[in-house]
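Residues are numbered in our numbering as their position in the sequence shown, beginning at 1, plus a constant of 4. Heads up, the beta-carbon is just placed ideally off N, CA and C, and yes, glycines get one too. Only one structure is covered here, and it is reproduced in the block below.
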Amino acid sequence: QVQLVESGGGLVQPGGSLRLSCAASERVFSVYAMGWYRQSPGKERELVATLGTVGITNYADSVKGRFTISGDVAENTVHLQMNSLTPEDTAVYYCNIKVAGWMDYWGQGTQVTVSS
């Protein structure tokens, strides 16, 4: 069973930065996108950013200009550099892999808390 291993979450002050990383425990083939989603208490899980096989990126409007997604979809690794964090960014962040003709894979989630 493929597992997505996330790292880099934690507590940071407003205006600070964090870098999240995610890697698959074994190679996953036919991946066409990797990305990050987040979920706050009482809210639905929402897309943060995605990275496609040809380097195409997509960001939620709320994080544009502050977050940067990078990685290697073929190698099943993805990172999320988060700058200028605000309390509204507080959430559990989940790594996601999208596989052509197959189910998505999800990480276990990593907590990001932005607070003074």
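DSSP lists no bridge partner for residue 33. Straight through space, the alpha carbons of residue 112 and residue 104 are spaced by roughly 21 angstroms. Within the same chain, Cβ atoms closer than 8 angstroms to the Cβ of residue 71 are found at 52, 53, 63, 84, 85, 86, 87, the five residues on either side in sequence being excluded.
In this structure, the beta-carbon distance from residue 30 to residue 99 does not fall below 8 angstroms.
Beta-bridge partners assigned by DSSP to residue 40: 53, 99. Nearest C-alpha to residue 41 among 120, 119, 94: 94.
For residue 12, DSSP records no beta bridge to any residue.
Ranked by how close their Cα comes to the Cα of residue 74, the residues 7, 24, 19, 5 have 24 in first place.
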